[in-house]
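Sequential numbering of the sequence shown, starting at 0, is according to the working numbering. Beta carbons are placed, not taken as given, at the ideal position from N, Cα and C, and that holds for glycine. Every value quoted in this text rests on a predicted model; they were computed, and no experiment measured them.
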Amino acid sequence: MRCGRWVRALIVAALGASPAALAGQPRAPYQSPYALAIAADGSRLFVSHHTGGAVSAIDLGARKPAWRAEVGGSPTGLALSPDGATLYVADADEGKVFTVDGRSGRTTGKLEAGRSAYGLALSSDGARLWACDRFLNQVSFLDPAAKRLLQTLPAAREPLFCALAPDGATLWVSNLLPLGPATDPENAAVVDAYDTKTLKPLARIKLPSGATGVRQIALSPDGAWAYVVHILARFNLPPTQLERGWVNNSALSILDAKARKWHATVLLDEASHGSADPFAAALSPDGTTLAVSFPGSHQVAVIDLPRLHDSLTKQPPARLPELANELSLLSRWHAIRRCPSGGDGPMGVAFDPKGATLYVANYYSDTIAAVNAERAKLEGTIPLGPAPVPDIVRRGEMLFFDARICYQRWMSCGTCHPDARVDGLNWDLLNDGIGNPKNNKSMLNAHRTAPMMSLGIREDMEHAVRAGLQFILYRQVVEDEARAIDAYLRSLKPRPSPYRNRDGTLTPAATRGQAIFQSPKTQCAACHTGELFTDLKTHDVGTTGPLDGDVKAFDNPSLIELYRTGPYLHDGRAVTLRELLTTFNKGDRHGRTSHLSPQELDDLVAYLLSL
0 MRCGRWVRAL IVAALGASPA ALAGQPRAPY QSPYALAIAA DGSRLFVSHH
50 TGGAVSAIDL GARKPAWRAE VGGSPTGLAL SPDGATLYVA DADEGKVFTV
100 DGRSGRTTGK LEAGRSAYGL ALSSDGARLW ACDRFLNQVS FLDPAAKRLL
150 QTLPAAREPL FCALAPDGAT LWVSNLLPLG PATDPENAAV VDAYDTKTLK
200 PLARIKLPSG ATGVRQIALS PDGAWAYVVH ILARFNLPPT QLERGWVNNS
250 ALSILDAKAR KWHATVLLDE ASHGSADPFA AALSPDGTTL AVSFPGSHQV
300 AVIDLPRLHD SLTKQPPARL PELANELSLL SRWHAIRRCP SGGDGPMGVA
350 FDPKGATLYV ANYYSDTIAA VNAERAKLEG TIPLGPAPVP DIVRRGEMLF
400 FDARICYQRW MSCGTCHPDA RVDGLNWDLL NDGIGNPKNN KSMLNAHRTA
450 PMMSLGIRED MEHAVRAGLQ FILYRQVVED EARAIDAYLR SLKPRPSPYR
500 NRDGTLTPAA TRGQAIFQSP KTQCAACHTG ELFTDLKTHD VGTTGPLDGD
550 VKAFDNPSLI ELYRTGPYLH DGRAVTLREL LTTFNKGDRH GRTSHLSPQE
600 LDDLVAYLLS L
């Protein structure tokens, strides 16, 4: 009850002026709280505002906001120095890490951390900092005192979160998407582990088949276990139904951190409904409780880890792989409790130092929720300011990532299209028959590249949106919702390629590759033409596979953001662009590349990655 009283007091302080006093002020931008960090003494809660370009602190003792720092960009991950004096703020736009005085909110500097900084991990002595450089597929190792990038570590694909083992000896990194060919029935994302002294890879742990959308990873206080949340896509099955998680599940994978190997995967859904799109994973200070946020279903869950591990030890080793198919398992083990997040799109979570209160960042509501961790009960919410009324684009974005518009809340549009892009998998959608899976496509520029799908089955984006609602989410189409999703998809802008120079110009290799691309000898530009690098036609380039039947011609895709849309070709068989240009270009039917030297191929790939 005490938690509820101080939350109510904090709500009043956060609002400050009355609604009447605020009425004449200009509309505030969306804040979109993303990540949370809490001071070791529990005195302050720090919040990154992903679309607000800011970071803020809430003084939990005085029950009022302490400060707000306008750092710019798109803030993501946070890390706090052991003494609470310095807050590190990752920026997804420029790949920088800002340093902010944790007491005053004054921005004190910045570190170069690559091109797209997301998750952060800080050593216990505050001397070493790691940052996930998402789109260059690497982890940056930084010296905070010298404000220098010391080294980069190669990751698998789109590293989003990282965590240090309690002894600081191992860095664990979760990779958002699978790295392999989409034709592989065992295709799955991986978790990387590195030696923090030698900076050498220690292990690459593959998650179960269909693991994608891998988000936060957390380490137990004794260093024995790593916990990572993710989607478990049933991509080997045609999506003929949604019941019982037939298409997508939410999962928790438990890794043996000492042996550096997979231990078990358990589902976070119930048999009758899903808990969609797990995002954050945070451990209570004593390591007995794991908190997970579900932005798709607007919930948080608390998991009893002693009960979970006790139940796992009772399973025969041969049965552990089967647990990834058992719905309601954690409920049967009395190991999970859920509650509403108190807002829309819960993302970052953080426990107070006593483990009594769980704080939750509600991305689309611009609020922080306080949850009683023991009872899994929402105690109240803290507004970050006067939240603006969502316009049609923001509403469409909210719907796109909302599993409540799906039958039984199993998934959202964003489950298969994180950031409205790709999940790295093949899906056998029923719109063009059964038994012919195709690679998932990005939604970027969908409104400009009709017809839709690899075979052009849908007339345009608008028809595809409505068909997706009806036949994939099993939702009766509500035209206002569909129009809002249309508006969101039209609003998507390409992210500048991290493979260009910082000023946006081409590198020397990409400049040479551009000449090769445009050369009549290769004929790349004959089909990949114009602003979007597509002629909007279908072509037979000799890529018909064993599951394609009599189909020969496939949609010519846009090459914009090619650096993040792999694997390539209509069935995702090519993991790399070099494979596409060589191994899977027999007879030079997909551009004339057989005469190119290794250096010329490298240059052409450099140009393609720059688009």
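Return helix, strand or coil for residue i, following the three-state DSSP convention.
i, result
"Ser609", "coil"
"Asp479", "helix"
"Asn555", "coil"
"Thr510", "helix"
"Cys161", "strand"
"Phe470", "helix"
"Asp431", "coil"
"Met410", "coil"
"Pro597", "helix"
"Gly23", "Low confidence applies to Gly23: its pLDDT is 33, below 50, so where it sits in the model is not reliable, and the reading given next is rough at best. Three-state result, Gly23: coil."
"Asn324", "helix"
"Gly586", "helix"
"Glu461", "helix"
"Phe140", "strand"
"Val604", "helix"
"Ser330", "helix"
"Ser490", "helix"
"Pro74", "strand"
"Arg337", "strand"
"His48", "strand"
"Phe278", "coil"
"Phe532", "coil"
"Leu357", "strand"
"Ala270", "coil"
"Leu505", "coil"
Take the Cβ of residue i as the centre, count every other Cβ of all protein chains shown within 10 Å, and call the residue buried at 16 or more, exposed below.
i, result
"Asp82", "exposed"
"Ile204", "buried"
"Leu429", "exposed"
"Phe140", "buried"
"Arg331", "exposed"
"Asp309", "exposed"
"Gln513", "buried"
"Leu149", "exposed"
"Gly209", "buried"
"Gly212", "buried"
"Val189", "buried"
"Arg127", "buried"
"Asp502", "exposed"
"Leu236", "exposed"
"Ser593", "exposed"
"Asn633", "Here the chain has residues from 0 to 610 only, and residue 633 is not among them."
"Pro74", "buried"
Could you please give the first and the last residue of the uninterrupted beta strand (DSSP E) stretch that includes residue i?
i, result
"Glu111", "106-111"
"His262", "260-266"
"Ala89", "85-90"
"Ala192", "189-194"
"Ala349", "345-350"
"Ala34", "32-37"
"Val370", "366-371"
"Arg420", "Premise fails: Arg420 is in no beta strand (DSSP E) and is neither H nor E."
Residues in its own chain within less than 6 angstroms of residue i by CB, not counting five upstream and five downstream?
i, result
"Leu468", "Arg474, Val476"
"Gly341", "Ala368, Leu377, Thr380"
"Asp142", "Leu149"
"Arg337", "Gln298, Ala300"
"Ala39", "none"
Could you give the first and the last residue of the continuous alpha helix (DSSP H) run that contains residue i?
i, result
"Ile391", "391-399"
"Cys405", "It is not in any alpha helix (DSSP H) - Cys405 carries neither H nor E in the DSSP assignment."
"Leu311", "304-312"
"Ala154", "Segment: none, Ala154 is in no alpha helix (DSSP H) and carries neither H nor E."
"Ala181", "Where Ala181 is concerned, there is no enclosing alpha helix (DSSP H), given that its DSSP letter is neither H nor E."
"Ala524", "523-526"
Leaving out the 5 sequence neighbours to the left and right, which residues in its chain are closer than 7 angstroms to residue i when beta-carbon positions are compared?
i, result
"Glu69", "Gly52, Ala53"
"Phe532", "Ser557, Leu558, Ile559, Leu610"
"Asp534", "Cys526, Thr528, Asn555"
"Ala552", "Thr537, His538, Asp539"
Give every residue of the same chain whose Cβ lies closer than 8 angstroms to the Cβ of residue i, excluding the five residues on either side of it in the sequence, and list them in chain order.
i, result
"Pro25", "Confidence at Pro25 is low in this model, with a pLDDT of 41, below 50, so the placement of that residue should be treated as unreliable; the coordinate-derived value is given next. Here the set comprises nothing."
"Pro158", "Tyr117, Gly118, Cys131, Asp132, Arg133, Asn136, Gln137, Val138, Val172, Ser173, Asn174, Leu175, Asp191"
"Tyr358", "Leu35, Ile37, Leu44, Val348, Ala349, Phe350, Asp351, Ile367, Ala368, Ala369, Val370"
Could you check whether the Cβ of residue i sits closer than 7 angstroms to any Cβ belonging to chain C?
i, result
"Gly434", "The chain inventory of the structure shown lacks chain C, comprising one protein chain alone."
- Query: What are the start and end residues of each continuous beta strand (DSSP E) run of 3 or more residues lying completely inside the region 221-258, in chain order?
  - Reply: With a minimum length of 3 residues, the continuous beta strand (DSSP E) runs that stay inside the region 221-258 are 224-232, 247-255.
- Mind listing, in chain order, the continuous alpha helix (DSSP H) runs of no fewer than 4 residues lying wholly within the region 560-584? You should have 576-580.
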